[in-house]
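Working notes, beginning with the structure itself.
Numbering (full-length UniProt numbering), first residue to last: 1 to 193.
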């Protein structure tokens, strides 16, 4: 199974006036079978395509969220118990008679309290919520692709005086997910994976 995947934090809240133009580029110029998007809303062109789009708004003052779109494959939304709906969206597709679970994730920044500006606290909570899928407790073992803007990097651990970012990547590895970033041969993972 060979699939072309693209992911983009579109920063909708910062670039609203370029929103449709960005989507036009994403849909027409990026030759991807599956598109992950974060901090975004679906384009007017695809927002009504319920067979190929899974997207959720974070809510509150965040009128954007995370989603998955595929012009090639039909997607069905999977809903799990979480307080982070919109920060991640889960889609399932059948590709060449294999079920694929696709998770677009945005490392949601804390907006207030003692961890304001941190995403790692929420990232760990999201990974805990997704454990039922990663460990096969919900519908058995699966083929999973997780991607997005995690807002996590081991470069932040010395600044924050802990290993919480490294631990989040260790958790992903423990779930038997393969880190595609390792193919780039760079020293540190980047925020968007």
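Ideal Cβ positions, reconstructed from N, Cα and C, are used throughout, including at glycine.
With distances taken from CA atoms, which of the options is nearest residue i?
| i | options | result |
| --- | --- | --- |
| residue 8 | 24, 39, 18 | 39 |
| residue 26 | 103, 41, 76 | 41 |
| residue 107 | 16, 91, 65, 47 | 65 |
| residue 75 | 17, 83, 99, 81 | 99 |
| residue 37 | 104, 138, 131 | 104 |
| residue 149 | 143, 52, 120, 21 | 120 |
| residue 50 | 70, 137, 131 | 70 |
| residue 176 | 134, 80, 24 | 134 |
| residue 32 | 72, 115, 81, 169 | 72 |
| residue 180 | 67, 89, 146 | 146 |
| residue 13 | 20, 1, 63, 24 | 63 |
| residue 173 | 60, 131, 1, 3 | 131 |
| residue 111 | 46, 24, 3, 58 | 58 |
| residue 77 | 97, 84, 52, 137 | 52 |
| residue 129 | 139, 178, 83 | 83 |
| residue 122 | 56, 97, 46, 85 | 85 |
| residue 60 | 48, 79, 46, 87 | 87 |
| residue 124 | 138, 137, 163, 142 | 163 |
| residue 195 | 113, 15, 138, 142 | Coverage of the chain is limited to positions 1 through 193, which leaves residue 195 absent and any answer about it impossible. |
Ends of the alpha helix (DSSP H) at residue i?
| i | result |
| --- | --- |
| residue 131 | 120-134 |
| residue 172 | 164-174 |
| residue 21 | 19-29 |
| residue 201 | In this structure the chain extends from 1 to 193, so residue 201 is not present and cannot be described. |
| residue 159 | 157-160 |
According to DSSP, residue i sits in a beta bridge with which residue or residues?
| i | result |
| --- | --- |
| residue 94 | 99 |
| residue 38 | 9 |
| residue 88 | 85, 105 |
| residue 185 | DSSP, once it has assigned bridges, lists no residue as partnering residue 185. |
Taking residue i as part of the beta strand (DSSP E), name the residues at either end of that continuous run.
| i | result |
| --- | --- |
| residue 64 | 62-69 |
| residue 77 | 76-78 |
| residue 144 | 143-149 |
| residue 54 | 53-59 |
Assuming residue i and residue j form a contact by the criterion Cβ under 8 Å, report the distance between their Cβ atoms to the nearest whole angstrom.
| i | j | result |
| --- | --- | --- |
| residue 109 | residue 117 | 6 Å |
| residue 34 | residue 5 | 5 Å |
| residue 22 | residue 54 | About 19 Å; that fails the 8 Å criterion. |
| residue 101 | residue 144 | 5 Å |
| residue 165 | residue 153 | 6 Å |
| residue 68 | residue 43 | 14 Å between Cβ atoms; not a contact. |
| residue 95 | residue 1 | 6 Å |
Check whether the Cβ of residue i lies closer than 7 Å to any Cβ atom in chain C.
| i | result |
| --- | --- |
| residue 171 | No chain C is present in this structure, which holds just one protein chain. |
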